[in-house]
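> Dropping the structure in here first, questions after.
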Amino acid sequence: MGVGTSGAKSAPRARDVRDTLAPARAGQHDDRLDADHDVDHGADGGAGLGSEPGDELGIDPDDLPDGLVIADENGRVIRFNAAAARITAVPAAAALGRHLESALPLEDLEGRRWWQLTDPYGGLAIRVGQPERNLLLPGGREVLVTARYVRTVPTGPVRRVVVSLRDTEARRRTERSHAELIATVAHELRSPLTSVKGFTATLLAKWERFTDDQKKLMLETVDADANRVTRLIAELLDISRIDSGRLEVRRQPVDIGAAVGRHIQAYVTSGQPADRFLLRIEQPLPPLWADPDKVDQVLSNLLENAVRHGEGTVTIDVTPSASPREREDGENAATSVTVSDEGTGIPEESMNRVFTRFWRGSKRGGTGLGLYIVKGIVEAHGGTITVGRAPGGGAEFRFTLPVGTPAYLL
148 MGVGTSGAKS
158 APRARDVRDT
168 LAPARAGQHD
178 DRLDADHDVD
188 HGADGGAGLG
198 SEPGDELGID
208 PDDLPDGLVI
218 ADENGRVIRF
228 NAAAARITAV
238 PAAAALGRHL
248 ESALPLEDLE
258 GRRWWQLTDP
268 YGGLAIRVGQ
278 PERNLLLPGG
288 REVLVTARYV
298 RTVPTGPVRR
308 VVVSLRDTEA
318 RRRTERSHAE
328 LIATVAHELR
338 SPLTSVKGFT
348 ATLLAKWERF
358 TDDQKKLMLE
368 TVDADANRVT
378 RLIAELLDIS
388 RIDSGRLEVR
398 RQPVDIGAAV
408 GRHIQAYVTS
418 GQPADRFLLR
428 IEQPLPPLWA
438 DPDKVDQVLS
448 NLLENAVRHG
458 EGTVTIDVTP
468 SASPREREDG
478 ENAATSVTVS
488 DEGTGIPEES
498 MNRVFTRFWR
508 GSKRGGTGLG
518 LYIVKGIVEA
528 HGGTITVGRA
538 PGGGAEFRFT
548 LPVGTPAYLL
């Protein structure tokens, strides 16, 4: 099997390096070949890490997504794949044949040398490896490292040390995202909770001093802020379910045109001019089975974005369309809803970030979580959502939901 060379195709193979380090005497059985067999087939459950490329079930170490470093019974490196070379910035040719501590100098977060600390060859004979932990390469780069000690007998000497390396960048991005989510939520909760606390404390302390109108105004403010907190908590629950793949969809017959009409009427009742909205429904629409609460959540977010961030007429088109998924009945197996406005629209360079967490089209409030949730809800229905530029120059959001008819009705 070829060893990862990180561009150095002429690097010696692992078995060649091992043999040159300690060649067997003529006629003497080399038990390292047996140990090699343990690693190649026994240690990985038959995956064949030691097989030549092209052998049955053989896997080239350079095809592995994580770094792989293997040292023999003397602590000399005999495997160093391409991912390990990329992560450590050490060419495979430079690592092969060197002692493990020299080829892979690792320190823990307190600056202690990891190989001296763990002592894989001289430590307890019952140890089978090291659990995954964060360690530092020279220069301070952090990597995730786990190790396995391969023995021919349970408490015998270590024949191989198999080390797996993984870059921490993806995990760090996830941790940053979670930290940003917590910071955003804390910021958004602080304002309404401060208001609720302030008004309730004032009313309790000075109830008799206020008129009925003043009391009503304060209680209405408290109610609105409590609703804001409730919405934020609901968003957090939705994000948690979307991220974990546990967002439930309870399908029922949905009149999507009537649902859009209710949202428009709510805006008109709250003071928006009726002529700002244009609803166009193309008939006949296929019978849509979806979660009515989730559909209302999608419509609420898209219309709120158009009203708050857009300008001019907000146009909503409801049309039959082909399903985003292949179906035998082909055409008109889905319903599409397009919401567009006549504002400045979304900059071209921001189009690919619209449905990510914390994206905000402007600085006029909001958590930046709404469109991320919208995308998760639409995709949980098996649908698709896109963003583009409307004919009037503003933003245009279009989502398509398959009819989702239950199997017992087909």
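With our numbering applied, the sequence shown covers 148 to 557.
Backbone N, C-alpha and C define an ideal beta-carbon position, used for all residues, glycine too.
Under 7 Å Cβ to Cβ from residue 340, same chain only, skipping five residues before and after it: list those, please.
Around residue 340: 376.
> Strictly by DSSP, which residues pair up with residue 558?
Outside the shown range of the chain (148 to 557) lies residue 558, about which nothing can therefore be said.
> Quick check on the DSSP output: what are the complete beta strand (DSSP E) runs of length 3 or more inside the region 227-307, in order along the chain?
Those beta strand (DSSP E) runs which fall completely within the region 227-307 and span 3+ residues are 276-283, 289-298.
> According to DSSP, is residue 189 part of a helix, a strand, or is it coil?
Caution is warranted here: a pLDDT of 37 is assigned to residue 189, below 50, making its placement in the model unreliable, and the coordinate value is therefore given only provisionally. It is helical.
> Relative to the alpha-carbon of residue 454, which residue among 531, 361, 290, 420 has its alpha-carbon at the smallest distance?
Comparing Cα-Cα distances from residue 454 to each of 531, 361, 290, 420, the minimum goes to 420.
> Can the beta-carbon of residue 332 be found less than 8 Å from the beta-carbon of residue 383?
Yes. Within cutoff.
> Does residue 521 pass the burial test, meaning 16 or more other C-beta atoms within 10 Å, or should it be called exposed?
By the neighbour-count rule (16 or more Cβ atoms within 10 Å), residue 521 is buried.
> Starting from residue 424, follow its DSSP beta bridges and name the residues at the other end.
Bridge partners of residue 424: 461.
> Considering residue 524, what are the terminal residues of the alpha helix (DSSP H) in which it resides?
517-527 is the span of the alpha helix (DSSP H), which, as asked, contains residue 524.
> Take residue 440 as the anchor and find which of 407, 271, 425 has the nearest alpha-carbon.
Here the closest residue by C-alpha is 407.
> If you run the structure through DSSP and keep just helix, strand and coil, what is residue 194?
A caution first: residue 194 carries a pLDDT of 36, below 50, which makes its placement in the model too unreliable to give a value.
> Can you give the Cα-Cα distance for residue 494 and residue 463, rounded to whole angstroms?
The straight-line gap from Cα to Cα measures roughly 21 Å.
> Out of curiosity, what's the CA-to-CA distance linking residue 413 and residue 337?
The alpha-carbon atoms of residue 413 and residue 337 are separated by roughly 28 Å.
> Would you check if the distance between the CB atom of residue 250 and the CB atom of residue 242 is smaller than 8 Å?
Contact: yes.
> Is the region 210-223 in contact with the region 231-245, if contact means three or more CB pairs nearer than 8 Å?
Result yes; three or more Cβ-Cβ pairs closer than 8 Å.
> I'd like to check one pair, residue 549 with residue 529: are the Cβ atoms closer than 8 Å?
Against a cut-off of 8 Å, the Cβ pair of residue 549 and residue 529 comes out as a contact.
> Apart from the five residues on each side of it in sequence, which residues of its chain come closer than 8 Å, Cβ to Cβ, to residue 500?
Result list for residue 500: 506, in chain order.
> Give me the Cα-Cα distance between residue 311 and residue 206, rounded to the nearest whole angstrom.
So the alpha carbons of these two residues sit roughly 16 Å apart.
> Is it buried or exposed for residue 354, if we count other Cβ within 10 angstroms and need 16 for buried?
It is exposed - the Cβ of residue 354 has fewer than 16 other Cβ atoms within 10 Å.
> So, helix, strand or coil for residue 497, using DSSP?
Looking at residue 497 - three-state DSSP - the assignment turns out to be helix.
> Could you have a look at residue 206 and say whether DSSP puts it in helix, strand or coil?
Here residue 206 sits in coil by DSSP.
> Which residues in the same chain as residue 446 place their Cβ atom closer than 7 Å to its Cβ, once the five residues preceding and following it in sequence are excluded?
Correct list, in chain order: 406, 407, 410.
> What number of angstroms, rounded off, separates the C-alpha of residue 517 from the C-alpha of residue 390?
Rounded to whole angstroms, residue 517 to residue 390 spans 14 Å at the Cα level.
> Give the DSSP-derived three-state secondary structure of residue 450 in the structure shown.
Reduced to three states, the DSSP call for residue 450 is helix.
> Using beta-carbon positions only, say whether residue 297 and residue 307 come within less than 8 Å of one another.
Cβ atoms of residue 297 and residue 307: closer than 8 Å.
> Can you give me the start and stop residues for the alpha helix (DSSP H) that residue 401 sits inside?
Unbroken run through residue 401 is the beta strand (DSSP E), 399-401; no alpha helix (DSSP H).
> Anyone know if the C-beta pair for residue 515 and residue 490 falls short of 8 Å?
No, Cβ-Cβ distance for residue 515 and residue 490 is not below 8 Å.
> In terms of DSSP beta bridges, what is residue 535 paired with?
Beta-bridge pairing links residue 535 to 543.
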